[in-house]
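K.L.:
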Amino acid sequence: MVRISAKTMGKRALAGALVGAMALSVWGCDKKQPTAGGEGQAKGGQAEFVAGSEAEMFTFAVAADPQTLDPGRMSGAPEGRIAFNLFEGLMMPGPTTEGLDDASELVVPGVAESYELSEDGRTYTFKLREDAKWSNGKAVTATDFERSWRRVLTPDFPSDYQSFMWVIQNAEGFSKGEVTDWSEVGVKVVDDRTLEVTLTQPTPYFPELVAFYTFFPVPMDLVEEKGNDWTRPENIITNGPYELESYREQQDLMLKKSENYWDKANVALDQARIRIIQDTNAAVNAYRTGELHWSGTSLPVAQITGLLTHPDYLQEPMLGTYYYRINVTDEESPLTDNRVRQALAMSVDSRSLVEDTMNNLFTVANHFVPQGLPGYASPGEGITYDVARAKELLAEAGYPDGEGFPRIQLLYNVDENHKLIAEAVQSMWKRNLGVDIQLVNKEWRTYLQDVSSMNYEIARAGWIGDYNDPMTFLDMWETGNGNNNTGWSDEEYDTLLNQARAERDPAKRMELLAQAEAIVLERGPVIPVYYYTNNVLVSRFLKGFEPHNRDIHLLKYMSLPEAPAAEGNEAAE
Amino acid sequence: MTRFIIRRLLSSVVVILIIITLSLWITRQAPSNPCLQEREANACACIKEHALDRPIFPVHNPPPLTPLEGCQYWESAGSLVLGPIEVLPLSEWSETQYVIYVSTLLQGSLGGSMVTDRTVIETLGSALPYTIQLGIQALLIALLIGVPAGLIAGLRQNTMPDYGVMTVAMVGVSIPNFVLGPLLIMLFSLKLGWFTAVGWESWSDSVLPSITLGLFYAAYIARLTRGGMLEVIRKDYIRTARAKGLTEQIVVLRHALKGALLPVVSYLGPAFAALLTGSVVVEEIFNLPGVGTHFVRSALNRDYNLVLGTIILYSSLLVVLNLVVDILYTVLDPRVSYDD
Numbered sequence: 006m007v008r009i010s011a012k013t014m015g016k017r018a019l020a021g022a023l024v025g026a027m028a029l030s031v032w033g034c035d036k037k038q039p040t041a042g043g044e045g046q047a048k049g050g051q052a053e054f055v056a057g058s059e060a061e062m063f064t065f066a067v068a069a070d071p072q073t074l075d076p077g078r079m080s081g082a083p084e085g086r087i088a089f090n091l092f093e094g095l096m097m098p099g100p101t102t103e104g105l106d107d108a109s110e111l112v113v114p115g116v117a118e119s120y121e122l123s124e125d126g127r128t129y130t131f132k133l134r135e136d137a138k139w140s141n142g143k144a145v146t147a148t149d150f151e152r153s154w155r156r157v158l159t160p161d162f163p164s165d166y167q168s169f170m171w172v173i174q175n176a177e178g179f180s181k182g183e184v185t186d187w188s189e190v191g192v193k194v195v196d197d198r199t200l201e202v203t204l205t206q207p208t209p210y211f212p213e214l215v216a217f218y219t220f221f222p223v224p225m226d227l228v229e230e231k232g233n234d235w236t237r238p239e240n241i242i243t244n245g246p247y248e249l250e251s252y253r254e255q256q257d258l259m260l261k262k263s264e265n266y267w268d269k270a271n272v273a274l275d276q277a278r279i280r281i282i283q284d285t286n287a288a289v290n291a292y293r294t295g296e297l298h299w300s301g302t303s304l305p306v307a308q309i310t311g312l313l314t315h316p317d318y319l320q321e322p323m324l325g326t327y328y329y330r331i332n333v334t335d336e337e338s339p340l341t342d343n344r345v346r347q348a349l350a351m352s353v354d355s356r357s358l359v360e361d362t363m364n365n366l367f368t369v370a371n372h373f374v375p376q377g378l379p380g381y382a383s384p385g386e387g388i389t390y391d392v393a394r395a396k397e398l399l400a401e402a403g404y405p406d407g408e409g410f411p412r413i414q415l416l417y418n419v420d421e422n423h424k425l426i427a428e429a430v431q432s433m434w435k436r437n438l439g440v441d442i443q444l445v446n447k448e449w450r451t452y453l454q455d456v457s458s459m460n461y462e463i464a465r466a467g468w469i470g471d472y473n474d475p476m477t478f479l480d481m482w483e484t485g486n487g488n489n490n491t492g493w494s495d496e497e498y499d500t501l502l503n504q505a506r507a508e509r510d511p512a513k514r515m516e517l518l519a520q521a522e523a524i525v526l527e528r529g530p531v532i533p534v535y536y537y538t539n540n541v542l543v544s545r546f547l548k549g550f551e552p553h554n555r556d557i558h559l560l561k562y563m564s565l566p567e568a569p570a571a572e573g574n575e576a577a578e
Numbered sequence: 002m003t004r005f006i007i008r009r010l011l012s013s014v015v016v017i018l019i020i021i022t023l024s025l026w027i028t029r030q031a032p033s034n035p036c037l038q039e040r041e042a043n044a045c046a047c048i049k050e051h052a053l054d055r056p057i058f059p060v061h062n063p064p065p066l067t068p069l070e071g072c073q074y075w076e077s078a079g080s081l082v083l084g085p086i087e088v089l090p091l092s093e094w095s096e097t098q099y100v101i102y103v104s105t106l107l108q109g110s111l112g113g114s115m116v117t118d119r120t121v122i123e124t125l126g127s128a129l130p131y132t133i134q135l136g137i138q139a140l141l142i143a144l145l146i147g148v149p150a151g152l153i154a155g156l157r158q159n160t161m162p163d164y165g166v167m168t169v170a171m172v173g174v175s176i177p178n179f180v181l182g183p184l185l186i187m188l189f190s191l192k193l194g195w196f197t198a199v200g201w202e203s204w205s206d207s208v209l210p211s212i213t214l215g216l217f218y219a220a221y222i223a224r225l226t227r228g229g230m231l232e233v234i235r236k237d238y239i240r241t242a243r244a245k246g247l248t249e250q251i252v253v254l255r256h257a258l259k260g261a262l263l264p265v266v267s268y269l270g271p272a273f274a275a276l277l278t279g280s281v282v283v284e285e286i287f288n289l290p291g292v293g294t295h296f297v298r299s300a301l302n303r304d305y306n307l308v309l310g311t312i313i314l315y316s317s318l319l320v321v322l323n324l325v326v327d328i329l330y331t332v333l334d335p336r337v338s339y340d341d
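These protein sequence lines are chains A and B, in that order. All the letters of the first sequence, read from the start, carry residue numbers 6 to 578 under our numbering. All the letters of the second sequence, read from the start, carry residue numbers 2 to 341 under our numbering.
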């Protein structure tokens, strides 16, 4: 009874959202007056709304209520966005990832004013700044980090990103209860201002990891006193540029500048309001009525098409890949044959998918690791669209022109974009290879269950990188990795990854990773479809908002010059 | 009357207990669980925290989740299994999900959400005032539009006003609120700028959602009122009232209306309940912080405690509203009596 009514209502809501989206996209199209540049459009009436003109302070949206405000336990995007402003780690993400050639530029000093790396690349010594303080005025010390990290590594602590800390010596063993003596874990407090971290192997992206919220310090005395209640607005103590003033479920969070923050002189926005707007159509509406300065989340495709020429529209590249994964565990299935997988991958025209099906909102993917990672060059051309070769491969595998090929299922979770892509791929496979596939769509949680228990044949998937290193895309295909979910295993691949882990020379390391990626593309369980982009609306008056491939935008870097509403449509940048 | 109310309340407790038992069982039968994430997550700690690896009932099928090696991955023990029924030894009863849940209820708590850090009472407590206010406003709109419209139509049967009102009512019933809502937003928020498009900050923000939600019921109430009026107006006591020389106004408003509204009154209980539970779509379109949104999301998230909390809340509201309607009936219709 419960499920049926929920499902029906969900369907109604979805249908409503769709109709709304269609209606509004038509509305958007009506308003469009194509002109040459942003300025002309702003003057020409396209900018019929002024971002944030109806907001009392800098306002942006997140797509859901934060599940928790505890950095050690959180895992979602809305939580992260809040945590990056309330808390500060040893290092912090920089304002942008654009044009960086050196991975070390991705992060900037946070609580640590500097760090030193030992010769063998395994020991980081962080020097903490003296004026780093909690919002109650107490100093942030190395012990705060040590205690917070120990908490996350405690066995049975419900942290989704606990495994990020496993690069630290003995951390994995400690979290699994195999190492019980904390002093064996590579986290040492030298003194209040010095934290020494020893890693199992050289990990060039470790500075970026400590800039991730799982590594942020939490006020342990308060945590021990209040338990999970420590994050309530009346209790919470933070160490970042902002403090939490209030939180109303399904409505908003109010942040105000922290008086005890060491760099408060450089924090321009005194206050910020984070509105919780779950429906992306509603977020666009709020933006259009001037209630938001930044839509916060990526917009629905149906709405974007009407906004593509708007001066507030911004497309950021994202460190993420949309792909199909293939289950290779069923020995009866033709999918265990690599030639079949290659044939399927080669007959997907990803250019057409991106250009025709997705209105150019994303970028074509020929590889699994997205482009633009500092120091990394993807191997060769990757997977290219080659119908002739695909047909050959399929014939070699015993299915000339698709004859005798069993009807396989393609699983995706309910979503308009996934459906469009799946239908297009279905027709490509039919047309190019003569292969029939059946589309199966399931609601999100059921889809998750099917994928995690490998109850599927081919399933859509998306992977957003956790840090700017190919490893975040490649280690998931290692034998036994919990995210593998395809049953694929390759000894040579595992060896290459392990060699890369031990490699001290950055260039050689990247070379090994590229070899590993080549293997995934040649015989892996993956069909890349497109690289994600983040499509948002951001007030053109907002300063300091720059593209970031992990969609991390710290308020600290932003400023909003006075009275944009009064200048209105005149001033366009 | 008092005895009637007490009896009804007692039977309501039994009804709600049955609903809880069934709902708890059904939520656990849905595939997947609240601890499963897209990435390999620490599902183990989550599942232990919420006792999801324990049997559901003292009289049971196997536990719904079986641990696999290293407590990293979990798999469903399979959906509905109707095998031989096994009764757990008494010492293990307190370890079952059902007993744990019911004892939480007896302590006056609805438990904690399995997905967020907040308690179910906290979450529903902050959402309920908005849903109730929205429901009341929508009901008022429905009554203020529906009753006069129905009266006019009923009194002028088969004339232009009747056809006009009934056509509008037909349209009103036919337009779903997921069409009406975006239309109102387009016109009054985006075009005219009179109202905000999303959220609920001040009273004016509730106007468009209330209209969206209320119009359907206004149309339905208009039809009910018309029907009631047509039936009553031909009754003997109305003829008597007219024969006594009373003015048409007094006949209609004092005598006929009371009888004509009986079907409307009996519809009010279910209508209000439907307004409260059916505001889901409207809450979604206007991004309102109400209960409906929580209900849908908790079901999709498999947040068992929040699902059950919402069901308990809704079923309690339904029981109370139906009781109120029954009492109201005795006031309007003297023939109805609940005294023994």
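Quick reminder that beta carbons are idealized off the backbone N, C-alpha and C, glycines included.
1. Got a sec, what are the start and stop residues for the beta strand (DSSP E) R336 (chain B) sits in?
2. Starting from N503 (chain A), follow the alpha helix (DSSP H) in both directions and report where the run begins and ends.
3. Would you tell me roughly how many angstroms separate the C-alpha atoms of T208 (chain A) and L518 (chain A), rounded to the nearest one?
4. Using CA atoms only, rank isn't needed, just tell me which of A:N90, A:L366, A:N503 is closest to P246 (chain A).
5. Taking Q520 (chain A) as the reference, which of A:H372, A:L559, A:G485 has the closest Cα?
6. Are any of the Cβ atoms in chain E nearer than 7 Å to that of N306 (chain B)?
7. Just to make sure I have the definition right: I need the residues of chain B whose C-beta is within less than 7 Å of the C-beta of T164 (chain A). Which are they?
8. Could you check which residue in A:R86, A:Y417, A:T130 has the C-alpha nearest to that of T203 (chain A)?
9. Please go through the region 468–494 of chain A and give each complete beta strand (DSSP E) segment of 3 or more residues, from N-terminal end onward.
10. Pick helix, strand or coil for R330 (chain A), following the three-state DSSP scheme.
11. Could you name the residues of the region 276–294 of chain A whose beta carbon sits closer than 7 Å to any beta carbon of chain B, in the order they occur along the chain?
12. To which residues of the same chain is L304 (chain A) closer than 8 Å at the C-beta, ignoring the five residues directly before and after it?
13. Measure from the C-beta of N446 (chain A) to each C-beta in chain B and report whether the shortest distance is under 7 Å.
14. Roughly how many whole angstroms lie between the Cα atoms of L314 (chain B) and L277 (chain B)?
15. Distance check for T213 (chain B) and V24 (chain A), CA to CA, integer angstroms please.
16. Is there a C-beta anywhere in chain B that falls below 7 Å from the one on E254 (chain A)?
17. What are the partner residues of V202 (chain A), as DSSP defines its beta bridges?
18. State the Cα-Cα distance for the pair I309 (chain A) and I153 (chain B), rounded to the nearest angstrom.
19. Say whether chain B places a C-beta atom closer than 7 Å to the C-beta of N488 (chain A).
20. Note down, in chain order, each residue of its chain lying with its Cβ closer than 6 Å to the Cβ of Y498 (chain A), except the 5 sequence neighbours on either side.
21. Residues of chain B with CB closer than 7 Å to the CB of E250 (chain A), please, in chain order.
22. So that I know if they touch, is there some Cβ in chain B lying closer than 7 Å to that of N233 (chain A)?
23. Among the candidates A:L214, A:D197, A:R465, A:G385, whose CA atom is the shortest distance from the CA of E428 (chain A)?
24. Which first and last residues belong to the alpha helix (DSSP H) in which P183 (chain B) is found?
25. Between which two residues does the alpha helix (DSSP H) holding E121 (chain A) run?
26. From what residue to what residue does the beta strand (DSSP E) around I281 (chain A) run?
27. Does the CB of L322 (chain B) have a neighbour CB from chain A at under 7 Å?
28. Using the three-state DSSP reduction, which class does S251 (chain A) fall into: helix, strand or coil?
29. Any residues in the region 185–197 of chain B with a beta carbon nearer than 8 Å to a beta carbon of chain A? Which ones, in chain order?
30. So, helix, strand or coil for S207 (chain B), using DSSP?
31. Report the residue ranges of all beta strand (DSSP E) runs contained in full by the region 55–89 of chain A; include only those spanning at least 3 residues, in chain order.
32. Is there a Cβ of chain A sitting closer than 7 Å to that of T105 (chain B), yes or no?
33. How about E285 (chain B): is its C-beta nearer than 7 Å to some C-beta of chain A?
34. Could you name each continuous alpha helix (DSSP H) segment of 4 residues or more that falls completely within the region 96–147 of chain B, going from the start of the chain to the end?
35. By Cβ distance below 6 Å, which residues in the same chain neighbour H553 (chain A) in space, the five residues on each side in sequence not counted?
36. Going by beta carbon distance, what residues of the same chain come within less than 7 Å of L502 (chain A), once the five residues before and after it are set aside?
P.N.:
Walking through what the data contain:
1. Numbered from its first residue, the second sequence carries residue 336 (chain B) at position 335. For R336 (chain B), no beta strand (DSSP E) run applies, since DSSP gives it neither H nor E.
2. Translated into positions along the first sequence, residue 503 (chain A) becomes position 498. First-last of the alpha helix (DSSP H) with N503 (chain A): 496–507.
3. Counting from 1 along the first sequence, the entry for residue 208 (chain A) is found at position 203. Counting from 1 along the first sequence, the entry for residue 518 (chain A) is found at position 513. Those two C-alpha atoms are separated by around 13 Å.
4. Along the first sequence, read from residue 1 onward, the residue named residue 246 (chain A) stands at position 241. Nearest to P246 (chain A) by alpha-carbon distance, out of A:N90, A:L366, A:N503, is A:N90.
5. Position 515 of the first sequence holds residue 520 (chain A). Of A:H372, A:L559, A:G485, the residue nearest in Cα terms is A:H372.
6. Within the model displayed, chain E is absent; protein chains A and B are what it includes.
7. In the first sequence, residue 164 (chain A) corresponds to position 159, counting from 1. At residue 164 (chain A) the sequence reads Ser, which differs from the Thr that was named. Within chain B, the residues whose beta carbon sits less than 7 Å from that of S164 (chain A) are N43, listed in sequence order.
8. Stepping through the first sequence from its first residue, residue 203 (chain A) is reached at position 198. Sorting A:R86, A:Y417, A:T130 by C-alpha distance to the C-alpha of T203 (chain A) places A:T130 at the top.
9. With a minimum length of 3 residues, no continuous beta strand (DSSP E) run stays inside the region 468–494 of chain A.
10. Here residue 330 (chain A) corresponds to residue number 325 of the first sequence, with the count starting at 1. The answer is strand: DSSP assigns R330 (chain A) an E or B state.
11. Answer set for the region 276–294 of chain A: R280, I282, Q283, D284, A287, N290, A291, R293, T294.
12. As a working mapping, residue 304 (chain A) is identified with position 299 in the first sequence. Cβ neighbours of L304 (chain A) beyond the five flanking positions: T285, A288, V289, L312, N540, V541, L542.
13. Mapped onto the first sequence, residue 446 (chain A) falls at position 441. Not one chain B Cβ lies under 7 Å of N446 (chain A).
14. To locate residue 314 (chain B), count along the second sequence from 1; it is residue 313. To locate residue 277 (chain B), count along the second sequence from 1; it is residue 276. Those two C-alpha atoms are separated by around 11 Å.
15. In the first sequence, counting from the first residue as 1, residue 24 (chain A) sits at position 19. In the second sequence, counting from the first residue as 1, residue 213 (chain B) sits at position 212. In this prediction, V24 (chain A) has a pLDDT of 43, which is less than 50 and means its spatial position is unreliable; nothing more can be read from the coordinates.
16. Locating residue 254 (chain A) in the first sequence gives position 249, where the first residue counts as 1. Yes, its Cβ sits closer than 7 Å to a Cβ of chain B.
17. For this step, residue 202 (chain A) is matched to residue 197 along the first sequence. In the DSSP output, where bridge partners are listed per residue, V202 (chain A) has A:Y129, A:V192.
18. On the first sequence, residue 309 (chain A) is found 304 positions in, with the first residue counted as 1. On the second sequence, residue 153 (chain B) is found 152 positions in, with the first residue counted as 1. Their backbone Cα atoms lie some 47 Å apart in a straight line.
19. Mapped onto the first sequence, residue 488 (chain A) falls at position 483. Taking Cβ atoms only, chain B reaches closer than 7 Å to N488 (chain A), which makes this a yes.
20. Position 493 of the first sequence holds residue 498 (chain A). Excluding residues within five positions, the ones whose Cβ falls inside 6 Å are A521, I524.
21. Here the question's residue 250 (chain A) lines up with position 245 in the first sequence. The premise fails here: E250 (chain A) is roughly 16 Å from chain B at the closest Cβ pair, so nothing lies under 7 Å.
22. The sequence position of residue 233 (chain A) within the first sequence is 228, counting from 1. With 7 Å as the cut-off, N233 (chain A) counts as an interface residue toward chain B.
23. For the purposes of this step, residue 428 (chain A) is taken as the residue at position 423 of the first sequence. Closest option to E428 (chain A), Cα to Cα, is A:R465.
24. In the second sequence, residue 183 (chain B) corresponds to position 182, counting from 1. For P183 (chain B), the uninterrupted alpha helix (DSSP H) segment begins and ends at 178–185.
25. Taking the first residue of the first sequence as position 1, residue 121 (chain A) is located at position 116. Element bounds for E121 (chain A): not the alpha helix (DSSP H) but the beta strand (DSSP E), 117–122.
26. For the purposes of this step, residue 281 (chain A) is identified with residue 276 of the first sequence, where counting begins at 1. Here the beta strand (DSSP E) through I281 (chain A) covers 276–281.
27. Within the second sequence, residue 322 (chain B) is the residue found at index 321, counting from 1. No, no contact with chain A.
28. Against the first sequence, residue 251 (chain A) aligns to sequence position 246. Three-state DSSP puts S251 (chain A) in a strand.
29. For the region 185–197 of chain B, the set of residues with a beta-carbon nearer than 8 Å to any beta-carbon of chain A comprises I186, M187, S190, L191, G194, T197, in chain order.
30. Residue 207 (chain B) sits at position 206 when you count from the first residue of the second sequence. Look at S207 (chain B) here: in three-state DSSP terms it is helix.
31. DSSP runs (the beta strand (DSSP E)) wholly in the region 55–89 of chain A: 64–67.
32. For the purposes of this step, residue 105 (chain B) is taken as the residue at position 104 of the second sequence. Under the 7 Å criterion on CB atoms, T105 (chain B) is classed as non-interfacial with respect to chain A.
33. Locating residue 285 (chain B) in the second sequence gives position 284, where the first residue counts as 1. Yes, E285 (chain B) counts as interfacial toward chain A.
34. Annotation: the region 96–147 of chain B contains the following complete segments of the alpha helix (DSSP H) (minimum length 4 residues), in chain order: 98–107.
35. Residue 553 (chain A) sits at position 548 when you count from the first residue of the first sequence. Spatial neighbours of H553 (chain A) in its own chain (CB-CB distance under 6 Å, excluding positions within 5 residues in sequence) are listed in chain order as T101, T102.
36. Position 497 of the first sequence, counted from the first residue, corresponds to residue 502 (chain A). Contacts found: L479, D480, E483, A521.
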